[in-house]
Structure formats: structure tokens, C-alpha cells
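Okay, here's the thing in C-alpha cells:
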């Protein structure tokens, strides 16, 4: 793919790293000269040191041939204008970071694929880590459901039971599904007779989210 | 809970917002005077305008009584020292943002619950949005497995089939599980006879991750 | 009218001055604290010291009731986002300064009334003043025509002649119309028998613009 | 012509662009090193990186041979001193940007051709665009008269009438003259029998300016 | 006198100190807020914190009633514009510091009383102190003549002689006049029989300036 | 002479210009890199870009061989330390600019030849120009006497009289001496019969200074 | 005592803390406003926010009555001038920090008690900690001798012996004296029969300094 | 030894100077580019211009082979992280400057050899110089004892007596030991019959510290 990446800040650098690792053709537009030079020296990509919110710059970057434009700046106004210009030039995939959630519909109306502010997301993770320390990762699903990962404690009610036994003892709340078990680095697809052991990292789907009850069964806390 | 939050930047502000919404007792330590005043005026929490990497400041913030310390600065050295001081004062839950993944073990050795750099994470999301535009959210599970969410396209091979039919036609790759279906805002727990319809948002567990084959069956692309 | 003016820089200040003189209800949004305070002290208007590219700020400024939003910043991305937000809230008249002429169509597509960069315009005036020093003001009309104002010199071929005489002597190029004459501060609507005198300021329409020939007849140079 | 241009800011750059396009011999004096280098790389002109308010610099720029000096800085004191030095060296045409209208007479006394502050002008255009959105361009003539351009609306009383008909129906206010009509990109010199059609862009001279009545006849609003 | 002083920098402060000591009515215009406040607290004068190169500011300072305007800034362009404005308002005495000697005639043509750059003057004094350390003060007179002050050394050829004796011994170069003698703090008007003693501070007029020969007779060096 | 000059600011530059014009061997020490390079490119001297208040720097500049050290910085502390170091290394002539008159004795005790702050001096000149506009230059002599230069006005009582006549009419105050007359650019040594003409520039010694009476006789004002 | 302390930086603050703890009458002079206010709020002392290198400031601080002036700035020129002014006003005790060891004699000649640069000292301590990690503190005595403190290791040859035994076994190098022993927080004056035990902190005088041999006997390394 | 030094500020520079003088293999890590270049040009060592709190940088500096890491920054958080990383890589000797004494135990727990803040130490020296001006250097020993150096005054009670005489006259307080005498630059180990002469610099151990009584016996003050 021919990908134009706008911004080479901390977020942009990560995108550049991932895109060049996969051998895509990458053009980076970065306004700050120092950052531009650093990227040019580190990654296998073309770098244009200019303001991206300009037709001339985008044309120089080959916007007419680009398959995707990824806008990573911390300024939603700039991300929006770039997305509008990208759309005007017929770029198929437009992706943008947004920083103020209120701007979501402006981008959505344009058909831009948006990724919420890293700071918002990070704040949620940090807070969750305090609120439910047992939960290691999580994903929200529309309708209040959540999928989450936790490690089974030796003191947990469920430790040492098969899923069938756990269910018969009423330890598995309704509409909770064990999606995966990772034991000693190996992934197991759980079945009824699969045993949950202390130390397992389990991925759980719960219709009502990671409630106290669910986490208690698996961690004893 | 009694929570001390270090830093009121963009990430810190989100944590403060979440923690005060849940009516926890919150003390914020922020070095920048302007940010400190803004937080003090916006949220229901105590704000100390000082350098947090100091015993005096932490004691003033009530570290001896705190249930949790959340360190959100963009400087790993500062986050580390605060975590060490928090541990020294017996704080039960220590959470920290880390910015350079190489520092992970330093924090891990202390038993600090870490949350990876927002910029790293954000970069991955943006890139994924280009690489597999159909995928709306995803979560990595140890061992290469992934759970991901996508919307079924009218042209998708699987559209209009029940799970049993899809399976019998070989449209469901092995070790792929449909975890949830959201249709018109309502969550359905899929069973064998459940039909996958165009427009459904489905959550899929795939042992080998979101490969081209899987996404093609559901989106036609 | 209820007018929201974005930006209180040098251009914005002039707009604020004009709008408050006409007793419109004016709300100003300015990011810089010092400028915001100065405007607040000088003009009869409400001033919000915040970033205008935000729904919260625009709602606080009463965007739902506003008849017009005038965006005067030197950043086209910001002007564009504000215009989009203004449109979303149903503001009837949207006016924006644009700084890079290439952005004209982005604003035009939104139905925003645009005013070209002051620096572009000023540059044209300065250059024209050297190229045709006799011309005091001018306006371009589509198709190459121009309307311009100059002062008749005593040495000018046309000085002392009536329009009819001038025409019969071939001094008025074809498709050139004398639109107005200002003599001693008084405006005269020229007729055939009107005399052109040295010292008159005449406004001329010329289909082919202010060519050397036209200016020479009136100024002798 | 041999033209010395003082200042290569946004206004100055436009002047340089226009003057070099016409193949004049251009010397630019710019104090800021970065701007000086940029101009030198972009346009075909000589650039001196120095303070222009100095005899040495002006002599180096060839002020004795110059036909014109155009002073474009945002500092009226500097523009004034340069104009005085230019006059001293016998430069024939002196043009200067002025930023504070109160300084107009200082320049006028020296015989300097002045161009009013771009910010003033721009502010007027932006405000006019709100006040009379139908008007696309305008020029003020001494004595309160104005020449202005607008597009005829299908709902306008005058649409579909010849000028004679319009006049007989009293739709043309007294001392209002239709100077030009642009239809489908072509310029027409209006005569009595010329018809005004919806979609025409007409240029109107009005002794009393663009009053509500005049604009209403042509736009229906 | 009613005196307006522009600038309260180091030079301006000295002028303010002298003018207020003599009980003149003094108004100071200083752009820098901190300096303005300091002057206001230190001296008995009115202080306006604004840009002086503006008619509004000068009128507020009472320029129409002022007997004198003293411009002390380090920017000749500003000094020049203020002098022009002062002249326009009919101020009788206009005095200005000038920093670039080349600008002297611009001010001279306006009838402004100028005082050469302090740095120029200071440089001359410092260098003279090295070149002729015996000379304590000096003043240049048109045509190469100088008046200078030095202290007579015990080893000086002239020490102990009356002026008549010194002359007869050829110790007084032609066209050299002893203008004054200060002995033990008392001023003496020298006559022929006056004796020059070691330790006397003598003021000498020399048509050819303070040549080696002259200084040697008085200082022995 | 071998001269070390400390500081290449505006005062220092003048000293460097004078000293290199006279072909002295000059070494300049300047802390600011830009100034150091500018001096190096402009004058025939060696330039050391370093802090002068250091033995190493002074030794590198050859202080042991130097005939004179001239310290021109605006910081009296630095000037003082340099003078002390210069004395320690046996430099014969030490000259320093001083900025705060209160520091005079500190330098005096060291035997340093001091030159008063240029700003002080300049302030006196500017004020004098207002107070006695007729006086063009002046020099103070111990004991209140002054020598000053003025131009004789046509309306002056003394114009057209010989010195003898003027004296007999009581126009020359007691203990006032005409030291020199410059007429048409030529210097005359005045004698009794010399006539004072309108337009002459005369240098006057007055025991009681330039009082109103004296200036009035010569200028009529 | 009446003590004037110049500078309230990190070093100065420590001096202020010590001097106010001992209830001396303390006046602080600090140029930076923020630091001045902080000191004023923290310690029981008078604070003058001004430049100390000025007679006016020192007099305001009461230099005529002061018993001591302690100059703590990082600028030796300033420290020197303050010391000279302090001496001039007859202050009995003058103490100054010096930053460049080459300036030592300038201060010494004035009779100022100097304390070497903290950075120099700190550098020596840090390096010594690597070179001889066993040594905890040390003091240099003229002539190469050193006094140092170390902790006796269980593996050290001398551990468990009395001084007499150690001497007879040749473990105490010549001209080495055990000055003090601290055991369990208690200080012992060593005598011949005193035993050196593992864990003792001993203070040793060694004529030839802390050589490898000496440290080996006590630490085994 | 292979030594890595973190920071090339004023303290760091001293450490680098000492370590390179002893011919150790030295690698310096300094974040500021200017400082890094200066060190590289001055000392015989390798310099890495990067942030040291990073595994990559430390590995590039050869931390796996290093015998010692000396952390000299003014930021304790950074010093702490570097020490932790150094420990992780098995560096034998870890030395760090600490700036806030409260952080001492964090470093102590890691087994890092710490050196107290230079500013703390310097403050103590300066204050001591005022309090006991006779004392030239001192070292604190646990338990309140001190070793100090002073010069014997001619007026001192002890001057001219042998130690035995002094003791018998009760001039030597109990538990005070004369450790060394330096006379005319030569070091003497004192014995009973050794005479204390005016001008001697003596090093004294006093169990109760440098009390007034002790210093009076030796200095007469």
C-alpha cells in the first residue's frame, strides 16, 4: 500500500514504525524540522518537511496515488482539513486521530475512520487498573458487555474446578463465557471439561461487564 | 477509596474525571500552577501544586492513608520514584503510566501495575484502521490470538447464514468463535442456529488473529 | 443581528469595531487572554477567552441563536472547523477569512462566504501603486474588466473637454465608461456634456482594464 | 523598472511575486535571515539580509538607480524613515503600507503613495459579507457612493426585466447605474433593452451606496 | 516648562531625573509596563504606558501644550516619527537621541536638536583614556581644535613656571591658550604672570588639538 | 600599543573601530558568539569568544604583554574584576566604563581610569538641549565653570560688535572669555578687535557657567 | 549577629536556614522576585528584592551595622564586588562562595574568607566514592596528609585486634593515627589496648593519605 | 576502571576531569548537545549525546562491562532510575549525587553510594565561616565530634607552649587531640613536647566539636 502519514510525533512515530516494518510505501509529512530529520534517518520512508494542510504539500506527497492517509496530529482542526483534502483527492482509506470526542461526528460525516484520543484511552486504563486491579486488559462491546482478561488466583472459588463443575456450583454468572485460557504461555480453547487452574490467564466475555461478582469468582478478591 | 493521582495533564485529567465521577476521595498533585488551578476549579478533589517526587508532598497528600497512587506523568523516572515512595509508605495499589516499553521490568519488579504508553497504543490502532479497515476494535491475547469487532457487509459470504450453515460451508475458520452479536443496539449471545445478518456488529475470537481470510468471510473484502 | 466573531487580532478587532458600532449583539471568542481582556475593555460585547474550535465554547457563545459567525483567524484549518461547526448548528450566515487561496473550494463547498487573505490583497495594491501610480483604487470584474479611480492631471489630453468632445477626438477608448466624477468633494453623475477638469477624481469602467492608453488620456503620463 | 521592496513577510512576498513575474529588476531588503533565504531561493531577485532603515543598506540595494521603493513592513516608523531616505535619494515612486490610519498625513506630506492596513480592509470585507451577504465585491467612492457586484436571484423583482422595464416599474432607484453584466463568464455592457436575468452578476453604481432597497431589487432579500 | 519625555530606559531615566529636579511639568511615555511603573513610583511626573509613535498617545500626553518633546529611544525610526508628530503639533523644542550618525540630516532637516549616540561618545572617551591617559575631559571644536583638561605633573617641563616664562622658553605651542586653572578646588582665570604648579588641573585650548607635544609639556610623559 | 578590549557591544565596537584605525595591535574578548564573529569579520583584530573574567582567557589574550585593557561591559562587577586581574598582571593602563556612579571609588582606589556611564552623559546632553537650545556642545570644569559653543543670532545684542565694543557696552559678563570663533568653517583665535558676526560659532568660557544672561547676549533669546 | 546573605539560590537557602535556626538577625538580598518571595514566606528574616552589587541596596540592608556578609552567588564578579563594598563599609566578617578556583587570590588579597565551589567539591566526593568506595568522608590537610572515615570489614586484617597487636603485626602503616572509633553510635577515643571490631567506623589520620595499603588493612579490599 | 559518568554539568565536569586524569576508560552520557560537544573536545573520553535513563543508551555506553556508574544530575528521579538500571546490568560500583536528603533511603536500599547535595554542603561551609571564622576546614564525625583546622594566632593563650605545658595549664579541653601541625608548609606529627607556635595550622579532634572554648585557646578570639 501507498500510505501518507501526517505527523511524526510520538503517536505518528509508532505508526511509521509499523507501516515500514510491513514494507508499505510510506511518505511522512512533518512540520518540525528536527522530527522530520530524525524520522528520515531512522525509517525507510520519504519525509517531507512542510505543513500538511496544503494542497501543494499533499500533491508532492503523491496524494493522488495514495491508498491511505493517516492523520496523527494533536490538533483536530488540522486532522479535519487533511481528511477533507484527502477525500477531495479520492483517497480510499482515511484514518485520523481525534483529540476532543465532541468532534467525532464531524469526522464521521466525512467517512473518516477515527481513533479516539490516546489520553482518553490511557486514562480509562489507568483508572480501571485501580478499580479492578485483577483485570489486565479489556474491550468494551456495544450494549454494556465487556471482554476482559485476568489471572486466576489460588484462593479463587473457581480454581481447580472444570467449567462444568463451576457452572453446577453456580460460580459462573449467567451469560458469562470463558473465551480463552492461557496456561504456561499456551492458548487453550476452553470446553466443558476444561479445568481452570490457579495461574491461568483467562479471557472472559460477560454480558453485564466485569462486575465485582465475576472478578471475585476468579480472583478471590 | 482514597486515591492520589500524580499529574493533571491530558491523561491525568481523564483519570481525575473518572475517579471523581465514582465519588472516590481524590487528591491530585500537579507541578504546573495553571493546570493545578484548572483541575481545582473543575473537579471535586483536593489539589496540591507541588513536585510529587518528594516525601513531604506525598505525606501532605496523605499517602499513609491512600488506597491507591496513580502516576500519569510522561517521565518514567518520575513515575518510578513515585511508585517506590508509594511502596515505602505501604500503598496497596500502585498504578503507573510508562512511556518507554523498555522500562517495564523496573516497574514490574516493584509490583506496580503498569499501563503502556498511550502513544504506542494509539499508533497501533491507527495503523490497524488502515490495514484492516473493517475491524473496529480489537484486543490481543497472549499467544497470538485476537478478539475483534467488525460489521458484517451485505456482500459478505457469511451474511444470511446461521452459524451451523456457515460452519458446514467451511466459512468459519477453525478455532474461530463468534463471541457476541450486536443487532440494532441489542446484544445477542450467539448459538448454533443464530443467523448472521448484514449490518450486525460481531465480536470474534480467532486463535490465529484477524487474518485476511477471517475478515473476508465477514466483510466480503 | 446576533454575531459571533472568532479571533480578536488586528483583522478581528476591526470587525468587532464595525459590528458594535452598528449596535449588533456581538460575542467574541479569543484564545489569547491579553487580547480577550483588551477587547472586553474597549468594545461593548461579550468576550469568551477560550479555544473556539470546540462545541462547548460555541454553545457557550450562543451559536444556536447566532445569525452569523465570522471567523477571522490566520489558520485556515481552524476557520474551516469553525465554519463546519457553525453549519452543523444551523447558523445562517458563515463568513471566513482564508489565508491560502488553494483552500477556497473547501470553504465554498460548505457555502461559506470567504474573504481572501489580507496579505494577498495588500500585496496587489502596493504593486499596483508602483505600476500605475495614477490609479487610486480599483476593483476587478469577471472577464478582465476593471473599474478604477484616478485624478485628472492638468497635462492630460482629456482635461478641459466634455465627454462628447473627448469621444469625438477618440480620447475615450471603446467600451470605456466614465461612471462618476468627484469635484471639490462633490459627486457628479457624468453626462455627455459634462466637462472633465484637471483635479477631478473620475471613476472609470474599462472593459479591457486600466491599460496604459486609458491612464495616459487622463493623467498625461 | 528597478524596484526595491522592503520586507518579505506575507504582504511583501506577494509584492515580490508580482514584481518578479513582470520581469522587473527587483532587490529585496529583509531583516530576518530565514525569510531572506526563503525569498532568495524562491524568486528571481537579489536579497539583502539587513536592516533597511540605514543609508548603507539602501545604497547597497542601489537606491540611487531605483525607480520605486515599496515599503511593506508592519511598523509605520520604519516605513516612514525608509520613505524619507528614498525621497532624499531621489526615488521617483515611493509606496508604503501603513498600519495606523492616523499616520496617513505624515506619509501624504512626503508625497508617498500609501496603501491602507490590510487588517483594516479585511475587517471591512468580512463585516460587509455578513451585513449584505449578496454583495460580492465593492469599492467606495468619495461622497458616499459605492460600486458593487452581486448576483441576481430568481426571486428578485428585477429578474427577467429589461433595464427600461425595470426603470418604468420604479425598480431602479434614482442615480443607480448598471455598469456591467457578466453572464456565463462573458461581460456585457448594458443598454436600455438589455435584460437582467437570474444568475447574472451585475456591477452597480449607486450614489447612495448599497442600500437595502437596491440590494432587495436584485436579490429579493 | 511642559516637557514630554519619550522612553524611560537608562538614558531616559537620567533625563526624567534632571527635568523633575528642576520642577518642570513632566509627562513620560514608555512602552514597557515594568519601566513605566518604576518611573511612576520614583519621580514626580505623569507616566503613560503606551506606544509613543501614535497621535492618540501624544495627544493624551498633552502634546498641544508641550514646550518640548525629548525622544530618547534606541530606535531612530521611532525617534524620527515622534519628532515629525511633535512638529506637526507645533511643539517648539524638539530634541532627539540618534543612534546611527547617518540619520543626522533627516533630523536636521526637521529642525530637531539632536544628541549623538551615547555609545559612539562613550567609545571615544574610553579610547582617548588609553591614548592620552593624562587628558581628563575634552571637547572638539570645528576645524580640528580641541579644548581639554589635564593635571600638571611634577615632572612636567612647565611645572613651576609662569605663563610668560613658559612662553619665553617655547613650552607653549603656538595658538595654545590656557583657559582655566583649578587649584585646590578653586578656579583661577590665568594671566601672564600666573604660575602653573604641579597638581593644577588646567583647561587648554589648542588649535591643532591635544598633540603629543602639548600633553608632554604639561605632564612630562 | 597592545590593547585588549573587553566587550564588543555598541560601545565596545566604537572603541575597536578607533583602536584598529590607529593600527594598534588589538585583541577583543567577547562572550556572545554572534558579536564575536561579526567583529572578527569587520575589523583587523584577534577575537576571543569567551568570558573575560577568567585568568585563562586574559592570558590567552596576552595580558602579560598588554599596554592597556579597556573594559566596556554594562556590568560593573565584571568591569571591576577585569580591572583587578589586569592590575595583577601589571597592565600599565586600565580603562573602564562604569554604569553606576556609586561604584566610582571602587575603581578609583584601584587606579583605573574610568569613563562615566554613556546613559548618564547622554541624558545630560538631551536635557541641556531643551533647557538651553542655543548651546551646541559643552564641557564642565571643576568649580562650576563651563565652556560651551553656540551660534550667534542676527538678533543677538553682540552681533556686529568687536569684542572691545561688546565689553565696553557691558555685553560680556565678567570672567567670560571668548576662546574661539568658527566662521565659514574656519577657526579664528579672537582678539580685542575681532568682530562677532551673526552666524559665527563661538566657544565661550564662563566662570559661572552658561547662564541665561550669557546665552541671551549671543543669541538674543 | 547581624548577617547579610546575598543570594537565595540552593546554596543561599541552606545558609539562610542555618542562620535563622540560630536566631541571628538575617537580611537576605535576592535579585529574582520569585525566590525572594519564597524565602520571605519560609524563613524568619527580612528580604530585599534587588541587585546586591549596589551601595543603595547594601545600605538599605544595613551594611553599616552588619557583623557579616555572606555572598553565595554563582558569579564570582558579583561576589567580589560585594566583598569589596562590604569591606569599604567596615563589615568585620566577609565570606564568599567562589566558583572558579583561579579567582582565589583576588578574594584572599581582600581578606575574604572563601569557600570553594560546591561543584568542585562534589565532583571530588563522587569520584572518591568510586575510587575508594570504603571511604565515607575525608578532609585534606596541607602537605598531602588526609583524615578519612571508613567502616571496618569482617574480612579486614585488623578486625578483632587491639591497636597494640595491630601495630606489632605491622598492620598500621607508619605515621598513621586512629583518631576516633564510633561503635554502635557511640564515640570512643582509642587507646593502645582498644580493639578494632568489624562494623566500627574509624577515623584515621594518614600522613601519606588514604593509600591502597591503609584502606586494605581496614576493609580487606 | 571502566567508568560511565552521567551528566556533564559543573559537578559532572569535575568528575570527568578527575577520572580522565587517572587514565580510566571513561564514557560520558549528556543530554544537552552543547555540553556534550564541549566535553568531547576537552577530555579524553567517549561522549554519548542522549538521555541516560534508557536501556539503549546505557547499553551503547557499555554498561555490561562498566566497573562503575556515577550519576551526577540535579534530578533525583533520573539518578534513581539510572542506579536501578545500573544494578540490573550488574555494575559493581554505583555512585550518585542526591539533591533532596529525604531520598537518601531510596538510594541506600539499592546499595548505591550517595553523595549529599553540593548546595547543602556548601551552605554549611559558608555559615561555619561566619560562625567560627578561625576554622578553615572541618569534618563531622558521628556522635557530635568534629575534626577541624585553624591557624594559631599570636594572641592565643596556647601560642608558644608545648602540648605538655598547655595541658598542665588546663588550656587543652578534655578529649581534645592535636592530630597534626603544619608549619611553613611542613607536616609535623605532634608529641607531648611539641611546641605550638603562632602561625601554625593545627588539625584538632574535639569530642564535643569546635566549641567557643577550644577555638579561643588557639586563636585568642
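Protein chains in written order, with full-length UniProt numbering: chain A, 1 to 221; chain B, 1 to 221; chain C, 1 to 221; chain D, 1 to 221; chain E, 1 to 221; chain F, 1 to 221; chain G, 1 to 221; chain H, 1 to 221.
Positions of the beta carbon are idealized from the N, C-alpha and C atoms, including for glycine.
Residues 132, 135, 138, 146 and 148 of the same chain have their beta carbon placed closer than 7 Å to that of residue 210/G, with the five preceding and five following residues left out of the count. The shortest CA-to-CA distance from residue 191/B to any of 201/B, 179/B and 185/B is the one to 179/B. With distances taken between CA atoms, residue 184/B lies nearest to 151/B out of 214/B, 29/B and 151/B.
Looking at the DSSP output, residue 207/G sits in no beta bridge, so it has no partner there.
By the rule that beta-carbons nearer than 9 Å mark a contact, residue 104/F does not touch chain E. Boundaries of the alpha helix (DSSP H) harbouring residue 164/C: 163–168, taken from the DSSP string.
Between residue 53/A and chain C, the shortest Cβ-Cβ separation is below 9 Å. Using a Cβ-Cβ cut-off of 9 Å, residue 75/H does not count as an interface residue toward chain G, since no Cβ of chain G sits closer than that to its own.
Between residue 188/C and residue 181/C a beta carbon distance of about 4 Å is seen, short of the 8 Å cut, so the two are scored as contacting.
A Cβ-Cβ separation of about 6 Å places residue 196/G in contact with residue 161/G under the 8 Å criterion. DSSP places residue 97/B in the strand class (E or B) of the three-state scheme.
Identification of chain B residues near residue 182/H by a Cβ-Cβ cut-off of 7 Å yields none; the smallest Cβ-Cβ distance measures about 43 Å. A Cβ-Cβ separation of about 6 Å places residue 53/E in contact with residue 82/E under the 8 Å criterion.
With respect to residue 103/F, residue 9/E sits apart: the two C-beta atoms are not nearer than 9 Å. It is roughly 41 Å from the alpha-carbon of residue 46/F to the alpha-carbon of residue 31/A. For residue 3/E, the C-beta contacts it makes with chain F under 7 Å involve 130, in order along the chain.
Residue 151/E: member of the beta strand (DSSP E) spanning 146–151, first to last residue.
Under the criterion of beta carbons closer than 8 Å, residue 113/C and residue 41/D do not qualify as touching, at roughly 36 Å.
Residue environment: residue 199/E is assigned as exposed (fewer than 16 neighbouring CB atoms within 10 Å of its CB, all protein chains considered).
Counted as a single uninterrupted DSSP element, the stretch harbouring residue 60/A is not any beta strand (DSSP E) but the alpha helix (DSSP H) occupying residues 55–60. Among the bridge pairs identified by DSSP, residue 183/G is matched with 186/G.
Within the same chain, 99 come within 6 Å of residue 74/A by CB-CB distance, once the 5 residues on both sides are set aside.
Taking a C-beta distance under 9 Å as the contact criterion, residue 208/B and residue 175/B qualify as a contact pair. Chain-ordered listing is empty here: chain D has no CB closer than 9 Å to the CB of residue 94/E, the nearest sitting near 15 Å.
Identification of chain H residues near residue 141/G by a Cβ-Cβ cut-off of 9 Å yields 137, 149, 179, 180, 182, 187, 201 and 203, ordered along the chain.
Ranked by how close their Cα comes to the Cα of residue 167/C, the residues 141/C, 126/C and 217/C have 217/C in first place.
Boundaries of the alpha helix (DSSP H) around residue 13/A: 10–21.
For the C-beta of residue 15/C, the chain D residues within less than 8 Å are, from N- to C-terminus, 123, 126 and 127.
Interface annotation, residue 211/B: not in contact with chain A, CB-CB separation never under 9 Å. Identification of chain B residues near residue 69/H by a Cβ-Cβ cut-off of 8 Å yields none; the smallest Cβ-Cβ distance measures about 15 Å. Close CB contacts of residue 91/G within its chain, under the 6 Å cut and outside five residues either way in sequence, are with 66 and 69 (chain order). Within chain G, the C-beta atoms nearer than 8 Å to that of residue 78/F come from 77, in chain order. In chain order, 54 make up the part of chain A whose C-beta sits under 7 Å from the C-beta of residue 100/C.
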